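According to mature numbering (1 follows the signal peptide of the UniProt record, and there is no 0), the sequence shown holds residues -20 to -1, 1 to 191 in order.
The C-beta atom is built at its ideal place from N, Cα and C for all residues, glycine as well.
What you are looking at is a predicted structure, and each value in this text was computed from that prediction instead of being measured.
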Amino acid sequence: MRAIVLLLLSVVVMTGCALRAPDSVPVPESSRLAVAGFTQPQENWEFLAGYSQAEEQPVSPEMVSELNTSLLEMTNDRFPGRVLGPHLTSQCREVVVAETDRTRLSALEFWVQVGRCLPADYLLVPQIFSWQERHGGQWGSDAPAKVVMEMYLIDVEQAVISKRYRYDEQQQSLSENLFSLPRFLHRQGKWLRAEELAREGMRQGLEALGI
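Pasting the structure below:
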């Protein structure tokens, strides 16, 4: 019994360290940060990372709106009064689409032009690659939620992806993966909904990106 307890404690310590975001150079406080709305890329030219994935469950417009609101609130907490939100970014997206042939621009070139339209020093672009809703309740799930998303921080002036964060999470039971114990405890033993996983990913991503 004592050996089991010691094993569990060691798992908590080791995995807890792994859960902490790595140190990242913070975005300068004087910077003007813009936040794009969540998108779910379908065409190859929409992928900032340069790859495509199999067709996934589409995210509803209502859910996208909720995710955008959550991300804007989180960034506003870190950059009070200096964040250009998804609404303004969407307007500049429409301007760039109207003035260019979207399919002739790489995803990075497109978003850099959006950032210059605003204008902004940095543009945060979140993309969803996989979205699976939880089947079941918070205390028991036949099919757990899954979210795969990436957040890209674009340096508009330099026209480069300054930083990138990937969140790939599908909950597992302790019997499937003992190393999930710290997450299990942090989530109070609940099976989370996909939107709750997404918010967890946003928080971790902002820390990793230095925002």
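Should residue i go down as buried or exposed, given a rule of 16 or more other Cβ atoms within 10 Å for buried?
i	result
Glu74	exposed
Gly95	buried
Ala78	exposed
Val92	buried
Met182	buried
Glu23	exposed
Pro60	exposed
Asn157	Confidence at Asn157 is low in this model, with a pLDDT of 43, below 50, so its placement is unreliable and the value that follows should be read with caution. So Asn157 counts as exposed.
Could you tell me the distance, in whole angstroms, from the CA atom of residue i to the CA atom of residue j?
i	j	result
Phe90	Leu104	13 Å
Met129	Leu52	16 Å
Pro99	Val140	16 Å
Gln151	Ala174	10 Å
Ser186	Ser70	First, the amino acid is wrong: residue 186 is Leu here, not Ser. Using only the alpha carbons, I get a separation of about 21 Å.
Ala1	Thr55	For Ala1, the predicted structure reports a pLDDT of 45, less than 50, and the residue's modelled location is therefore unreliable. The matter cannot be settled from this model.
Leu88	Tyr147	20 Å
Ser10	Met43	31 Å
Gln138	Gln184	25 Å
Ala29	Leu85	14 Å
Thr80	Glu149	36 Å
Ser45	Leu68	14 Å
By Cβ distance below 6 Å, which residues in the same chain neighbour residue i in space, the five residues on each side in sequence not counted?
i	result
Ile191	Val7, Arg58
Arg144	Tyr132
Apart from the five residues on each side of it in sequence, which residues of its chain come closer than 8 Å, Cβ to Cβ, to residue i?
i	result
Ala64	Inspection of the sequence shows that residue 64 is occupied by Leu rather than by Ala. Arg12, Leu13, Ala14, Val15, Leu98, Ala100, listed in sequence order.
Phe27	Pro21, Ala87, Gln107
Suppose contacts are defined by Cβ-Cβ distances below 9 Å. Is residue i in contact with residue j by that definition?
i	j	result
Val127	Ser110	yes
Ala125	Leu177	yes
Trp171	Arg82	no
Gln20	Ile134	no
Ser40	Tyr102	no
Say the cut is 8 Å; is the CB of residue i nearer than that to a heavy atom of the ligand PLP?
i	result
Pro66	The ligand PLP is not part of the structure shown, which contains no ligands of any sort.
Give me, in chain order, the residues of the same chain whose beta-carbon lies closer than 7 Å to that of residue i; leave out the 5 immediate sequence neighbours on both sides.
i	result
Val76	Phe90, Gln93, Val94, Cys97
Ser50	Arg179, Met182
Pro66	Val15, Ala16, Gly17, Asn48, Leu52
Gln37	Trp111, Gln112
Arg62	Arg12, Leu13
Phe72	Note on residue identity: the sequence assigns Cys, not Phe, to residue 72. Excluding positions up to five away in sequence, the list reads Val94, Cys97, Leu98.
Which full runs of the beta strand (DSSP E) of 3+ residues lie inside the segment 30 to 71, going along the chain?
none
With a floor of 3 residues, list each beta strand (DSSP E) that falls wholly inside the segment 87 to 147, ordered by position along the chain.
102 to 112, 115 to 117, 120 to 123, 126 to 135
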